[in-house]
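Residue numbers (the numbering used here), protein chains in the order written: chain A, -12 to 144; chain B, 12 to 416; chain C, 5 to 176.
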Amino acid sequence: MATADFDTLRQRLVPAAGPASLSHGMLVFALAPAELMPTVQRLKGEFAFDLFLDVTAVDWLGQTPRFEVVHHFYSTVHKVRVRLKTRVSEADPSVDSLVPLYGSAAFMERECHDMYGIVFRGNADLRPILLYEGFVGHPLRKDYPKQQEQPLVPYRT
Amino acid sequence: MDTPLANPVRSIFEGKLRDDTVIVNIGPSHPATHGTVQIIAELDGERVLRTDVHCGYLHRGFEKECEDHTWHNLIPYVDRLNYVSALINDFAYCDGVEQLMGVQITPRCRYLRTLLSEYSRLVDHLTCVAAGLMEMGAMTAFLYLVMIRDYMYEHLAALTGARVTHTYGRIGGLARDLPAGWLTRLEEILTQYEDFIARVHALVDRNRIFIDRLRDVGVISTADALHWGYTGPILRSTGVPRDLRKDTPYLAYAELDFDVPVGIKGDNYDRYFVRMREMDESVYMMRQLMDMLPEGPINVDDRRCTFPDKTLVYSEIESLINHFKLVMDGPSVPAGEAYCAHEAPNGELGFYLVSTGGGTPYKVHVRAPSFVHMGGAHRMLDGGQLADIVPTFGSINMIGGECDR
Amino acid sequence: MYARTIPIVPATRSKDASFEYLTTRKDELVGWARKFSLFPYPFVTACCAMEFMAVSASPYDTDRFGAALPRFSPRQADLLMVVGTVTHKQAPILLKVYEQMCEPKWVMAFGVCATSGGFYQNYAALLGIDRIIPVDVYVPGCPPRPEMVIDGIMQLQDKIARASHPIITRNF
């Protein structure tokens, strides 16, 4: 990506999305949960970030708010990526769902819910996708023991 | 045998759309769905009205395992994500860690990684096309392509030690340098490849049966493809030349001359042909790289990530301690986060790495193209025939290790 | 919890001494026929699939051993080749497929993930398929070289040849 394009995009994005930091060549915006949806709508509508890459979460056990939900976007027009980070607490780990804007958000939000327990308001289908019905807990949280199995078929004796 | 077995999934269908439809289960243990995807389809005769795609049958806990291993030790896990093109996963992951550490790889390593990435792309596309054609009955094409793929496996085993899951990338370089005669054998394999591919082209391209089964089947538009997150050959088959190797060049791609093949309609035939053309472009790139490959060291001379020479480890105390620390604690990566994306044969393969300092990662997340593509698979399957599910699913190239991680 | 398990029983071999000559000849004949006409059900999940494809094609052809023709219906297959990692989500499907196969049936654990879970020792993977179904031959490797798979098939063929094959039993 050309540096000049990137700089102009950055100058236009920063007033739209808030203070940005640069992390290894990528623009990162730290947002409050309420700012997430309007920012994404502006990114998609005004700045042509048409490809939603990924949503995941990081479990900062011990810190409050505990979870950090991370979204990545890519613009096929400007050929640049951007990262949005939101902090949510353990008591109410919910953010807005991006399903109305991007179809690909459906499966990715299901996975994030499976692994971390993040609730996406607006996503009607938060069934387990990588785990199975009857699995209790969210394995990627730091307090879930790695080897705690929940077998569906009892073992032979 | 009276007690039922647990059902691991719950269908989203509340009930049937009409009284005369049938809901069938194309279960996970099915050759067309690569053994790990379940499609619950509602059918009106042979026509598919709607589908509910379930993946996750190969969820092996990759991200949780990574949090328990050092940055080096988890490279075998990374390999087994897209196990058909294992080297690209290695290099994308190592690139991410090198960005976090601020390590610059040597020129020889850069060109060699590019060459091996294209080699892996060849292997992946060969497997995808071979499996796809076999599922439609073309056993001959499968046997031709798997034979040439077997030569490539043996060749890569001579370099890396393993046929399928190579574990060849290292942080700061590669595991070992090329053995003598490797490039000569590569040229022989590429010549044989051209012969075999010509035969498959002759069998499939203008064959009435394949055109009927692949043309105008599984169509997706560009707007739909972007909305549902498609990248890679599927997006290119709709007509847009989006390729990370051209758009955001990494490794040595900026110095290579290659085209980005695109399709016209976004159907199965275009995806098949885009993959065939991409293989030819990969061979062209590999021939350029074989000429451009410079001499020099493979690993960067950086104590933080590169293992010292064995003779030094046995004679000097500093090297011994360095080796010990690298093995026991892992390379210490400064705190931070990085997202590194490479153009895998399926699309954008991204690694989101979070480090809090130290030798083990805090989080390793994979943006797997197959998983995202499964989210939009119903757009290509709905409205088609039941028998069209097989070639459409094959053309998406869902790789279970990557989809479910 | 759904309480359906296959109990672990030691192998027994009871023979009627008066007909021993005839039954050994019959067993040899039936064993020879069964070992050279294996119909595998490739329960394929992960990376080992690549080596399964390679061992089915040239130059490592399984057709030489009579084990080439896969049958994708468990009703028609007699060798269940579990190729790749079986997760807890997949375990009920594996048990169902195994139960749907008719006697005589054999199970090959192809790869370390099917043998013991491999290096996926966590909440998601079933740590070895012998926790839910009985296994006849284990082929370790990650993934195993095609020669190892062929060695496994040959060892299974020896096992079939040595076994007793009751054609007419009390229940039949």
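Heads up, the beta-carbon is just placed ideally off N, CA and C, and yes, glycines get one too.
Just verifying my parser: in three-state terms, what is the DSSP assignment at residue 156(C)?
When secondary structure is reduced to three states using DSSP, residue 156(C) falls in the helix class.
DSSP state of residue 439(B) mapped onto helix, strand, coil
The structure shown does not extend to residue 439(B), since chain B is modelled only from 12 through 416, so no value can be given for it.
On the CB-based measure, 16 or more other CB atoms within 10 Å of its CB, does residue 110(C) come out buried or exposed?
Of the other Cβ atoms in all chains shown, 16 or more fall within 10 Å of the Cβ of residue 110(C); this residue is therefore buried.
Alpha carbon of residue 125(B) to alpha carbon of residue 120(A), nearest angstrom:
Taking the straight line from one Cα to the other gives about 42 Å.
Would you decide whether residue 36(C) is buried or exposed? Buried here means 16 or more other CB atoms lie within 10 Å of its CB.
Classification for residue 36(C): exposed.
So, are the CB atoms of residue 310(B) and residue 172(B) less than 7 Å apart?
Cβ distance not < 7 Å, so residue 310(B) and residue 172(B) don't count as in contact.
List the residues of chain C that residue 95(B) touches, going by C-beta distances under 8 Å, in chain order.
Result: 54.
CA-CA distance, residue 61(C) and residue 365(B)?
For residue 61(C) and residue 365(B), the distance between alpha carbons rounds to 42 Å.
Given that a residue counts as buried once 16 or more other Cβ atoms are within 10 Å of its Cβ, and exposed if not, what is residue 25(A)?
Answer is exposed; the Cβ neighbour count stays below 16.
Identify each residue in the stretch 91 to 107 of chain C for which the Cβ-Cβ distance to at least one residue of chain B is less than 9 Å, and report them in chain order.
Answer set for the stretch 91 to 107 of chain C: 91, 92, 93, 94, 95, 96, 97, 98, 99, 100, 101 and 103.
Closest Cβ-Cβ distance between residue 114(C) and chain B: below 7 Å?
By the rule that beta-carbons nearer than 7 Å mark a contact, residue 114(C) does not touch chain B.
What residues from chain A crowd round residue 153(B), counting only those whose CB sits closer than 8 Å?
Correct list: empty, because the minimum Cβ distance to chain A is about 30 Å.
Residues of the stretch 75 to 93 of chain A whose Cβ lies closer than 7 Å to any Cβ of chain B, in chain order
Contacts with chain B (Cβ-Cβ distance below 7 Å) from the stretch 75 to 93 of chain A involve 89, 90, 91 and 93, listed in chain order.
Rounded to whole angstroms, what is the Cα-Cα separation between residue -3(A) and residue 261(B)?
The straight-line gap from Cα to Cα measures roughly 21 Å.
How many angstroms separate the CA atom of residue 80(C) from the CA atom of residue 70(C)?
Rounded to whole angstroms, residue 80(C) to residue 70(C) spans 15 Å at the Cα level.
How would you write the range of the alpha helix (DSSP H) that residue 215(B) sits in, first residue to last?
Residue 215(B) -> alpha helix (DSSP H) spans 193 to 215.
May I have the straight-line CA-CA distance separating residue 9(C) from residue 19(B), to the nearest angstrom?
Answer to the nearest angstrom: the Cα atoms are 17 Å apart.
Limits of the alpha helix (DSSP H) - the one that residue 99(B) falls within:
In the DSSP assignment, residue 99(B) falls within the unbroken alpha helix (DSSP H) covering 97 to 112.
Just the C-alpha distance for residue 332(B) and residue 245(B), rounded to the nearest angstrom, thanks.
Taking the straight line joining both Cα atoms gives about 49 Å.
Assign residue 106(C) to one of two classes, buried (16 or more other C-beta atoms within 10 Å of its C-beta) or exposed (fewer than that).
By the 10 Å Cβ count, residue 106(C) comes out exposed.
Against chain B, does residue 135(C) count as a neighbour if the rule is that its beta carbon must be under 7 Å from one of theirs?
Cβ-Cβ to chain B under 7 Å: no for residue 135(C).
CB-CB under 8 Å to residue 149(C), same chain, minus the five flanking residues each way: which ones, in chain order?
Cβ-Cβ distances below 8 Å link residue 149(C) to 55 in the same chain, with the five nearest sequence neighbours on each side left out; the list follows chain order.
Taking 8 Å as the threshold, find out whether the stretch 160 to 172 of chain C comes into contact with the stretch 116 to 124 of chain C through three or more Cβ pairs.
As far as the Cβ criterion goes, the stretch 160 to 172 of chain C does not touch the stretch 116 to 124 of chain C, which means the pair count is below three.
Nearest neighbour of residue 64(A), chosen from 251(B), 15(B) and 243(B) [CA to CA]
Of all alpha-carbon atoms in 251(B), 15(B) and 243(B), the one lying nearest the alpha-carbon of residue 64(A) is that of 251(B).
Here's the rule I'm using: 16 or more other beta-carbon atoms within 10 Å means buried, otherwise exposed. How should residue 193(B) be labelled?
Residue 193(B) should be labelled exposed.
Excluding the five sequence neighbours on either side, which residues of its own chain have a C-beta within less than 7 Å of the C-beta of residue 324(B), listed in chain order?
Closer than 7 Å at Cβ, skipping near neighbours: 330, 331 and 334.
When the Cα atoms are used, what is the spatial distance from residue 50(C) to residue 411(B)?
One C-alpha to the other measures close to 6 Å.
Does the distance from the C-beta atom of residue 349(B) to that of residue 148(B) stay below 7 Å?
No. Outside cutoff.
Please report the Cβ distance between residue 341(B) and residue 370(B), rounded to the nearest whole angstrom; I am assuming they are in contact, meaning their Cβ atoms lie under 8 Å.
Residue 341(B) to residue 370(B), Cβ: 3 Å. Contact.
Just reading off the alpha helix (DSSP H) that residue 88(B) is part of, what are its end residues?
Per DSSP, residue 88(B) belongs to the alpha helix (DSSP H) from 86 to 90.
Less than 6 Å between C-beta atoms, sequence neighbours within five positions excluded: which residues of the same chain meet that for residue 274(B)?
Around residue 274(B), the same chain offers 248, 281 and 285 as residues with beta carbons nearer than 6 Å, after the five sequence neighbours per side are excluded.
Min CB distance residue 46(B) to chain C below 7 Å
Judged by the 7 Å Cβ criterion, residue 46(B) is in contact with chain C.
Provide the residue(s) that pair with residue 120(A) in DSSP beta bridges, ordered along the chain.
Note: residue 120(A) sits in no beta bridge, so no partner.
Sequence-distant residues of the same chain with beta carbon closer than 6 Å to residue 124(A), five excluded per side
The answer, listed in chain order, is 131.
Leaving aside the five residues before and after residue 168(B) along the sequence, list all residues of the same chain whose C-beta is less than 6 Å from its C-beta, in chain order.
Excluding sequence positions up to five before and after residue 168(B), its CB lies within less than 6 Å of the CB of 174, all in the same chain and listed in chain order.
Considering residue 178(B), what are the terminal residues of the alpha helix (DSSP H) in which it resides?
Counting along the chain, residue 178(B) sits inside no alpha helix (DSSP H), nor does DSSP assign it H or E at all.
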